[in-house]
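J.: Residue numbering for the sequence shown follows our numbering, beginning at 807 and increasing consecutively.
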Amino acid sequence: MELTFTLKTMAAAAAELLAETGEKRVFAIHGEMGAGKTTFVYALCKNLGVVDDVSSPTFPIINEYETASGKSIFHIDLYRLDDINEALQAGVGEAIDSGDTCFVEWPERAPAFFGEDSIHLYFTVINETTRLIRTGDNKYI
């Protein structure tokens with residue numbers, strides 16, 4: 807699947823991606839700094855009914871949000887991790903194994919957490935206002 811979007815079309819792109827990915831719960835989000843990963847996670851969370859403020863989990867590593875129906879959604883940012891042990895101590899494994907939806911930025915920092923059920927999203931900057939997302943199961947596309 808490929809989606810091209812701008813800020814104006816991001817909510818619709820997030821809804822389309824969620825519809826296409828069905829029951830997938832772990833999303834490994836790849837892309838360079840500034841590619842729009844966190845902004846797109848915001849749109850995904852809003853589509854899933856998150857009632858909390860959605861923000862970057864760069865410093866806490868994991869943010870947990872609640873939906874209107876009481877479900878948890880985890881937003882994880884692995885950018886600052888030094889090693890897999892730090893991820894384990896932060897509770898990344900528990901969040902991913904929880905069965906709740908997890909959006910994980912910078913998954914290449916801890917690839918061992920992502921099994922066959924994970925869906926990988928690859929962000930590419932097209933220009934100042936446009937982004938492309940490709941989906942795949944192979945984290946090394």
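Glycine included, each C-beta is placed from N, C-alpha and C at the ideal position.
Are the segment 855–864 and the segment 822–830 in contact at 8 Å, needing three or more beta carbon pairs?
T.: Too few Cβ pairs lie closer than 8 Å, so no.
J.: Under three-state DSSP, which class holds Leu884?
T.: Looking up residue 884 in the sequence shown gives position 78. If DSSP states are grouped into helix, strand and coil, Leu884 belongs with coil.
J.: Under the DSSP definition of a beta bridge, which residues are partnered with Lys869?
T.: In the sequence shown, residue 869 corresponds to position 63, counting from 1. Per the sequence shown, residue 869 should be read as Asn rather than Lys. Answer is His881.
J.: My guess is that Asp883 and Trp912 are in contact by the Cβ rule of under 8 Å, so how many angstroms apart are they, rounded?
T.: Indexing the sequence shown from 1 puts residue 883 at position 77. Indexing the sequence shown from 1 puts residue 912 at position 106. Correct: roughly 6 Å between the Cβ atoms.
J.: According to the Cβ coordinates, are Leu850 and Ile939 closer than 8 Å?
T.: Position 44 of the sequence shown, counted from the start, is the residue given in the question as residue 850. Position 133 of the sequence shown, counted from the start, is the residue given in the question as residue 939. The answer is no: Cβ separation not under 8 Å.
J.: Arg937 and Gly840 - do their beta-carbons sit closer together than 8 Å?
T.: Here residue 840 refers to the residue found at position 34 of the sequence shown. Here residue 937 refers to the residue found at position 131 of the sequence shown. No, Cβ-Cβ distance for Gly840 and Arg937 is not below 8 Å.
J.: Between which two residues does the beta strand (DSSP E) holding Ala834 run?
T.: As a working mapping, residue 834 is identified with position 28 in the sequence shown. From DSSP, the beta strand (DSSP E) with Ala834 extends over 832–836.
J.: Tell me the rounded alpha-carbon separation between Gly905 and Ser875.
T.: In the sequence shown, the residue the question calls residue 905 occupies position 99. In the sequence shown, the residue the question calls residue 875 occupies position 69. The straight-line gap from Cα to Cα measures roughly 16 Å.
J.: What residue does the alpha helix (DSSP H) around Gly899 start on, and which one ends it?
T.: What you label residue 899 is simply residue 93 of the sequence shown in a count that begins at 1. Counting along the chain, the alpha helix (DSSP H) containing Gly899 begins and ends at 898–903.
J.: How many Å lie between Ile932 and Leu813 at the Cα?
T.: In the sequence shown, the residue the question calls residue 932 occupies position 126. In the sequence shown, the residue the question calls residue 813 occupies position 7. Their backbone Cα atoms lie some 13 Å apart in a straight line.
J.: Can you give me the start and stop residues for the alpha helix (DSSP H) that Thr827 sits inside?
T.: Taking the sequence shown and counting its residues from 1, the one referred to as residue 827 is at position 21. Taken as a continuous stretch (DSSP letters only), the alpha helix (DSSP H) holding Thr827 covers 816–827.
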